Amino acid sequence: MRRLASALLVWSLLASSAMAQVRLPATTLDTTPAHTAFRRAQRLVNDGNGGRGRFVVDSLVEAADPGSAAEAQALFWRATLAPTWGDAQRDYLRIMLEHERSPLAAESMFRLAQGELAGGDRGAAQRYFERIARQTPEAPIRGEASLWHGRMLIERGARAAGCPVLREGRRRVTDGQVELVNQYDYLLQGCMADSTSTPRAPTIDP
Numbered sequence: 000m001r002r003l004a005s006a007l008l009v010w011s012l013l014a015s016s017a018m019a020q021v022r023l024p025a026t027t028l029d030t031t032p033a034h035t036a037f038r039r040a041q042r043l044v045n046d047g048n049g050g051r052g053r054f055v056v057d058s059l060v061e062a063a064d065p066g067s068a069a070e071a072q073a074l075f076w077r078a079t080l081a082p083t084w085g086d087a088q089r090d091y092l093r094i095m096l097e098h099e100r101s102p103l104a105a106e107s108m109f110r111l112a113q114g115e116l117a118g119g120d121r122g123a124a125q126r127y128f129e130r131i132a133r134q135t136p137e138a139p140i141r142g143e144a145s146l147w148h149g150r151m152l153i154e155r156g157a158r159a160a161g162c163p164v165l166r167e168g169r170r171r172v173t174d175g176q177v178e179l180v181n182q183y184d185y186l187l188q189g190c191m192a193d194s195t196s197t198p199r200a201p202t203i204d205p
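Numbering (numbering that gives the first Met the number 0), first residue to last: 0 to 205.
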């Protein structure tokens, strides 16, 4: 029961953040009729008309050709506006598995990792982070995902594994991404301090 309550809280926080600023890859055109329909759905949900808003995105999913870029985009939008974490998770997983070449695949995996991490399943979160690095190494979200991944490893006591992840991710962040740069530089200070001291074996929580 406690885990269910935690999952509901996690999704409410993730969903409110996602709806406030829906992040789509640069290759996604925001002038298409489908995008206009999504923004309308988003306004409906934000105004308390969740049923009507989700009907709009359901219609976009149904109208899209299976396996098409339009379907991946509609699934992503539906996940963003989903009423529960379980609903969102299903659509993010569909994008990851059925649209692995889509620019939205990496973003979906990142959101899956965030959900698992916030829900307390760090093992599942780590698998998604590793999958991002393995399957979509050049995705724009890689820099942010590596920050989350490296920080999680360090918090688990696996600094020897976390610091290389942070160093690799840092080089993917541009100077214009000020907030990410600051977070990376702060965490990497600890890595530099460790390099001048005697290493010790990490203890990782189960």
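In this text, a Cβ means the ideal position worked out from N, Cα and C, and glycines have one as well. This one's a predicted model, so the numbers in the text were calculated from it and none came from an experiment.
| In whole angstroms, what separates the C-alpha of Ala-73 from that of Arg-51? | For the purposes of this step, residue 73 is taken as the residue at position 74 of the sequence shown. For the purposes of this step, residue 51 is taken as the residue at position 52 of the sequence shown. So the two alpha carbons sit approximately 16 Å from each other.
| request: For Ser-145, count neighbouring Cβ atoms within 10 angstroms of its own Cβ and tell me buried if that reaches 16, exposed if not. | output: The residue given as residue 145 occupies position 146 in the sequence shown. The residue is buried, with at least 16 neighbouring Cβ atoms inside 10 Å.
| Should Tyr-185 be labelled buried (16 or more other beta-carbon atoms within 10 Å of its own) or exposed? | For the purposes of this step, residue 185 is identified with residue 186 of the sequence shown, where counting begins at 1. With fewer than 16 Cβ atoms within 10 Å of its Cβ, Tyr-185 is classed as exposed.
| DSSP-derived helix/strand/coil call for Gln-20 | Your numbering for residue 20 matches position 21 in the sequence shown. Residue placement at Gln-20 is flagged as unreliable, the pLDDT there being 45, under the threshold of 50; the coordinate-derived value follows with that caveat. Residue state, collapsed to three classes: coil.
| Between the CA atoms of Arg-150 and Ala-138 - distance to the nearest angstrom | Residue 138 sits at position 139 when you count from the first residue of the sequence shown. Residue 150 sits at position 151 when you count from the first residue of the sequence shown. Approximately 19 Å between the Cα atoms of the pair.
| task | Below 8 Å on the Cβ atoms is my guess for Asp-57 versus Arg-77; work out the distance and round it to an integer in Å. | result | Position 58 of the sequence shown holds residue 57. Position 78 of the sequence shown holds residue 77. Correct: roughly 7 Å between the Cβ atoms.
| field | Member of Arg-42, Leu-92, Gln-113 whose CA lies at the smallest distance from the CA of Leu-80 | value | In the sequence shown, counting from the first residue as 1, residue 80 sits at position 81. Among Arg-42, Leu-92, Gln-113, the Cα nearest to that of Leu-80 is on Arg-42.
| query | Taking all protein chains shown into account, do 16 or more other C-beta atoms lie within 10 angstroms of the C-beta of Met-191, making it buried, or fewer, making it exposed? | reply | The count along the sequence shown starts at 1 and reaches residue 191 at position 192. Met-191 comes out exposed.
| query | Where are the alpha helix (DSSP H) runs, 4 residues long or more, that stay fully inside the region 47-119, in chain order? | reply | 49-62, 68-79, 84-97, 103-117
| Residues in its own chain within less than 8 Å of Val-60 by CB, not counting five upstream and five downstream? | The residue given as residue 60 occupies position 61 in the sequence shown. Excluding residues within five positions, the ones whose Cβ falls inside 8 Å are Glu-70, Ala-73, Leu-74, Arg-77.
| task | Would you please state the rounded distance, in angstroms, between the beta carbons of Ala-112 and Trp-147? I believe it to be under 8 Å. | result | As a first step, residue 112 must be located in the sequence shown, where it is residue number 113. As a first step, residue 147 must be located in the sequence shown, where it is residue number 148. With 8 Å as the limit, Ala-112 and Trp-147 qualify as a contact, their Cβ atoms being about 7 Å apart.
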